[in-house]
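K.L.:
Residue numbers 1192 to 1259, in my numbering, belong to the letters of the sequence shown in order.
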Amino acid sequence: MAQNLRDAGCEEVTILAYFQAIESGDKKSAMRLIAAHREKLLEQFHKSCSCIDCHDYFVTQTEELSSR
């Protein structure tokens, strides 16, 4: 499980907190940690998508200028 969390990009501090919450029987807190990490990943994904869109627009504009 720890390796899966690492593969998902979780920091070691998050992984440790997750297992501490599980060991103490606080599944809700453990799941909140995982949900927060997912939100962070989703924000990064959306930012990357926006950057790709800007890049593609720039390439298109550059190609149009060079074809004139």
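In this text, a Cβ means the ideal position worked out from N, Cα and C, and glycines have one as well. Source: prediction; values computed, not measured.
Under a three-way DSSP split, which group does Cys1240 fall into?
P.N.:
Reduced to three states, the DSSP call for Cys1240 is helix.
K.L.:
How about Leu1232 and Gly1200: are their beta carbons less than 9 Å apart?
P.N.:
yes
K.L.:
Output the distance between the C-alpha atoms of Lys1238 and Arg1259, rounded to the nearest integer angstrom.
P.N.:
32 Å
K.L.:
From Glu1202 to Lys1218, what distance separates their C-alpha atoms?
P.N.:
19 Å
K.L.:
Look at the alpha carbon of Leu1256 and the alpha carbon of Ile1243, and state the distance between them as a whole number of angstroms.
P.N.:
20 Å
K.L.:
If distances are taken between C-alpha atoms only, which option among Ile1213, Ile1206, Thr1253 and Gln1252 comes closest to His1228?
P.N.:
Ile1206
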